[in-house]
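Heads up: the structure comes next, in structure tokens.
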Amino acid sequence: MISVQQQDFDCGHEYQQLREQGQGAIVTFVGLVRDFNQEGQIKGLHLEHYPQMTERALEQIVEQARQRWPLGKVRVIHRVGDLDGGDQIVFVGVASEHRDAAFSAAQFIMDYLKTQAPIWKKERSDIGEQWVASKSSDNDAVKKW
Amino acid sequence: MISVQQQDFDCGHEYQQLREQGQGAIVTFVGLVRDFNQEGQIKGLHLEHYPQMTERALEQIVEQARQRWPLGKVRVIHRVGDLDGGDQIVFVGVASEHRDAAFSAAQFIMDYLKTQAPIWKKERSDIGEQWVASKSSDNDAVKKW
Amino acid sequence: MIKIVFFAQLRERLECEQIQWDYVQGITAAHLKSQLSAQGGNWLALEESDVLCAINHEISALETIINDNDEVAFFPPVTGG
Amino acid sequence: MIKIVFFAQLRERLECEQIQWDYVQGITAAHLKSQLSAQGGNWLALEESDVLCAINHEISALETIINDNDEVAFFPPVTGG
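Protein chains in written order, with the working numbering: chain A, 1 to 145; chain B, 146 to 290; chain C, 291 to 371; chain D, 372 to 452.
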């Protein structure tokens, strides 16, 4: 199941949903906004996305993962809108009978999400706003699959 | 932090503890007892361990992971004693500034735990008890690191 | 007609969220991008930096041929997750 | 004296959780295992299958030399996690 939403999510609740099907391995990933308190004026992030496309792009990434590994339930949540330091941004949870499949699929989904989901981050600070630059390491991460 | 315990754990609570330090990536793994309802007479598991050694072995595995990747908080919980189908067995949670480090370290800890932590599983069924055989795939998994 | 949408820093630099554009048979996303930037001014931003393309909500190569009534999106490399 | 402990199916087959054994200078874990199995009967189980060894709560090679008052553990391949 895929959600693109402004509201926060509860990792414990999402884990319990993944657990229901009785698979032996559950891997979760949560990405969080850095704690800006140590980094000067940055106050938070704004996440823009392409509404009609984002869920579809995420569904396709999950579908690709299912073709590679035997998976049970898969859950992806991506937040958009305004976020503060320390806030949760993204949840990926994968259940499988095999731990390697669960680990690989969760990492695969995150790597593809980082380069293919139409979402953009802008940092808000006292002196204005600044779009976050894309990282070449994210493109490299996709190449390993 | 390492715990070897009979009582169950709360994945959501453990996640919140890992989150406290403000790292950007948190990966959790939970291993569960298979759902025996579909598999005949198996009623549950008994986990035996080597009390004076288990925590120490797990600590050493976490220490090895810290030498390879930049990690924040790391949490390992392994249950021992009697477990039923669907019960949680093991929790590994890793916080890091980098998602690849968090994924790799969690998988590394699980792979080493599977071959180096002195814990043994026995299946309980209507017709008796049977020690679980070790898997060559678990030994292979360690070799990749 | 083709619907064209822009996102993130590209949207801001173009000062444009979306426009309608005349459909010409056989046109590719790359042609469309060239036509837009040929307008000069802010539109040159389309040539300056990495621009990705989606056609009908699907990431697409710039060489892809566009059909009438398609929705074409141009945007910078994504930074979600 | 050496304290020797056994776990899991090995403990069950030996019908023994722990014993004390006379220390002999220079003895390795492998020697110790041979001395134990030389007792015959159940003790042959030590030779039959994969047996791992820990010395003072640390996984150790069977070639490791044992010191007086060490705790030596023999057990089957682990199956936790």
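Glycine included, C-beta positions come from ideal geometry on N, C-alpha and C.
Do residue i and residue j have their C-beta atoms closer together than 9 Å?
i      : j      : result
B/A250 : B/W214 : yes
B/R224 : B/Q233 : yes
B/G176 : A/A101 : no
D/W414 : D/L433 : no
A/V33  : A/L58  : no
B/W290 : B/F248 : no
B/S148 : B/E208 : no
B/C156 : A/Q16  : yes
B/Y195 : D/H402 : no
Using 10 angstroms around the beta-carbon of residue i, count the other beta-carbons present and answer buried if the total reaches 16, otherwise exposed.
i      : result
B/W265 : buried
D/D393 : exposed
A/G93  : buried
D/M372 : exposed
A/Q7   : exposed
C/V299 : One point to set straight first is that residue 299 of chain C is Gln, not Val, in the sequence displayed. Under this definition C/Q299 is a buried residue.
D/P447 : buried
A/D138 : buried
D/G451 : buried
B/D310 : Outside the displayed span of chain B (146 to 290) sits residue 310 of chain B, for which this structure offers no information.
B/R211 : exposed
C/D360 : buried
B/I206 : buried
C/I294 : buried
B/E159 : buried
A/K135 : exposed
Give me, in chain order, the residues of the same chain whose beta-carbon lies closer than 7 Å to that of residue i; leave out the 5 immediate sequence neighbours on both sides.
i      : result
B/G217 : Q166, Q168, A240, S241
A/V142 : D111, Y112, T115
C/R301 : E307
C/T354 : T318, A319, I345
A/F9   : I77, Q88, F91
A/M1   : R75
D/Q406 : none
B/A278 : none
Using a Cβ-Cβ cutoff of less than 8 Å, which residues in the same chain neighbour residue i once the five nearest sequence positions on both sides are dropped?
i      : result
B/R269 : I187, K188, G189, L190, H191, D227
A/I127 : Q41
C/F296 : L304, C306, E307, Q308, A363, F364, F365
C/L342 : I349, F364, F365, P366, P367, V368
A/E19  : Reading the sequence as shown, one finds Arg at residue 19 of chain A and not Glu. I26, A95, listed in sequence order.
D/Q391 : M372, I373, K374, I375
Between which residues of its own chain and residue i is the CB-CB distance below 6 Å, once the five residues before and five after are set aside?
i      : result
A/D35  : G85, G86
A/E48  : W120
C/D358 : Y313
A/M53  : P118
D/E418 : S408
C/E317 : Reading the sequence as shown, one finds Ile at residue 317 of chain C and not Glu. Result list for C/I317: I356, in chain order.
B/W276 : K267
A/V27  : V94, A102, F103, A106
D/K404 : L417
A/E129 : K122
State the CB to CB distance for the pair residue i and residue j, rounded to an integer number of angstroms; the pair is presumed to be in contact (CB under 8 Å).
i      : j      : result
C/A319 : C/I349 : Between C/I349 and C/A319 the Cβ distance is about 11 Å, and since that is not below 8 Å, they are no contact.
C/A344 : C/A363 : 4 Å
Worksheet item: Which residues, in order along the segment 349 to 363 of chain C, keep a beta-carbon less than 7 Å from a beta-carbon of chain A?
Response: I349, A363
- Message: Closer than 8 Å between beta carbons: that is the criterion. Which residues of the segment 89 to 118 of chain A meet it against chain C?
- Response: I89, V90, M110, L113, K114, T115, Q116, A117, P118
- [ ] Determine which residues of the segment 186 to 220 of chain B have a Cβ less than 9 Å from any Cβ of chain D, and write them out in chain order.
- [x] L192, E193, H194, Y195, Q197, M198, T199, R201, A202, Q205
(Q) Using a Cβ-Cβ cutoff of 7 Å, what residues of the segment 165 to 179 of chain B are near chain D? List them in chain order. (A) G176
Handout entry: Residues of the segment 263 to 287 of chain B whose Cβ lies closer than 9 Å to any Cβ of chain A, in chain order
Key = S282, A286
Determine which residues of the segment 338 to 349 of chain C have a Cβ less than 7 Å from any Cβ of chain A, and write them out in chain order. A344, H347, I349
- Message: Residues of the segment 391 to 414 of chain D in Cβ contact with chain B at a cutoff of 7 Å, in chain order, please.
- Response: none
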